[in-house]
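Asks: Residue numbers (the numbering used here): -3 to 317.
Yeah, the Cβ is synthetic: ideal placement off N, Cα and C, and Gly gets one too.
One structure coming up, written as structure tokens, with questions to follow.
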């Protein structure tokens, strides 16, 4: 395809691959001069602010088949990377089974932006507000690496987000959210085992703390997802924190320390202190690192306290699939 230098300098060439393989080949061909683009809302802000250069080639993923849909599988829900944030936010199945994701998306930008922006773009940014919620659901990311699909735990991928050797030529196909296995009593199960299962209750919460509800960099984004016994023992828990330019992460050491323990004043204090140690937010003009740490600790500890209080008062906490 012929092109003159002035046209290349003025605006990038836009390619419209039909398959993941075609998109991947285009990325291989153009290297750093080519950029995958979905809704393009975040990339545009970078280009307009001058924080990133306009690439010579845009690889438009909107025509790649199968990426703009949501599918229910045997083990989880697959969200195509090209689904718009608005489509995800209004999906009844996603709201019913993974409410923290829809809550996170509700606070991203303005409605007009959510119509264009995609879940894949929010994830690929490394700092999207949906990431703590996805981490708290133990999500996987699905890639095309040039020959086949490849799956990584989202937490593992984010851990190496700043490693340039990871290869940005991979194409994000979608996100997998696993269903929780519901223990069902069979013929050989005892009555006591059935009762024990029924007394375990799930809870979850997502918070975005910022200067205003949406369309502003968050100070802290946090998600907690767990299960308590009727005696207040933590049976399972996931805690994820991000915010601003901080790449979200799971506080896995704290999760291990909380599991099997009774939620009491001492445990809540321990959780607060450990969040101050484990969470390493990036400081910027909007908030100091110390302020972000304390805010994150308050958000997570308050939700853990509320879950334990509800369990003690009502015999069950709010259900969160």
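Buried or exposed for residue 284, going by 16 or more other Cβ atoms inside 10 Å?
Replies: If you number the chain shown from 1, residue 284 lands on position 288. It counts as exposed.
Asks: Tell me whether residue 16 sits in a helix, a strand or coil according to DSSP, three-state version.
Replies: The count along the chain shown starts at 1 and reaches residue 16 at position 20. DSSP places residue 16 in helix when its eight states are reduced to three.
Asks: According to DSSP, simplified to helix, strand and coil, what is residue 38?
Replies: Locating residue 38 in the chain shown gives position 42, where the first residue counts as 1. Helix at residue 38.
Asks: Along the beta strand (DSSP E) that carries residue 149, what are the first and last residues, could you check?
Replies: If you number the chain shown from 1, residue 149 lands on position 153. Run containing residue 149: 145 to 149, per the beta strand (DSSP E) assignment.
Asks: For the beta strand (DSSP E) that contains residue 258, what are its first and last residues?
Replies: As a working note, residue 258 is residue 262 in the chain shown. First-last for residue 258: undefined, no H or E at that position.
Asks: Only counting runs of 4 or more residues, tell me where the alpha helix (DSSP H) segments fall wholly within the segment 78 to 157, in order along the chain.
Replies: Listed in chain order, they are 81 to 85, 88 to 93, 95 to 102, 107 to 112, 115 to 120, 127 to 132, 150 to 155.
Asks: Does the count of Cβ pairs from the segment 251 to 271 and the segment 218 to 231 closer than 8 angstroms reach three?
Replies: Cβ pair count under 8 angstroms is three or more, so yes.
Asks: Suppose contacts are defined by Cβ-Cβ distances below 7 angstroms. Is residue 259 in contact with residue 239 by that definition?
Replies: Within the chain shown, numbered from 1, the residue matching residue 259 stands at position 263. Within the chain shown, numbered from 1, the residue matching residue 239 stands at position 243. Going by C-beta atoms, residue 259 is not nearer than 7 angstroms to residue 239.
Asks: Quick check on DSSP: helix, strand or coil for residue 285?
Replies: In the chain shown, counting from the first residue as 1, residue 285 sits at position 289. Correct three-state label for residue 285: helix.
Asks: From residue 234 to residue 13, what does the alpha carbon distance come to, in whole angstroms?
Replies: Taking the first residue of the chain shown as 1, we reach residue 234 at position 238. Taking the first residue of the chain shown as 1, we reach residue 13 at position 17. Computed Cα separation, rounded: 38 angstroms.
Asks: Are residue 135 and residue 171 touching if we call contact CB-CB under 7 angstroms?
Replies: In the chain shown, the residue the question calls residue 135 occupies position 139. In the chain shown, the residue the question calls residue 171 occupies position 175. In this structure, residue 171 lies closer than 7 angstroms to residue 135 by Cβ.
Asks: Based on the DSSP output, what are the partners of residue 174 in its beta bridges?
Replies: On the chain shown, position 178 is the one that residue 174 refers to. Paired residue(s): 72.
Asks: Based on DSSP bridge pairs, tell me the residues matched to residue 233.
Replies: On the chain shown, position 237 is the one that residue 233 refers to. According to DSSP, residue 233 bridges with 222.
Asks: Residues bridged to residue 56 by DSSP?
Replies: By one-based count along the chain shown, residue 56 stands at place 60. Answer by DSSP bridge pairing, in chain order: 33.
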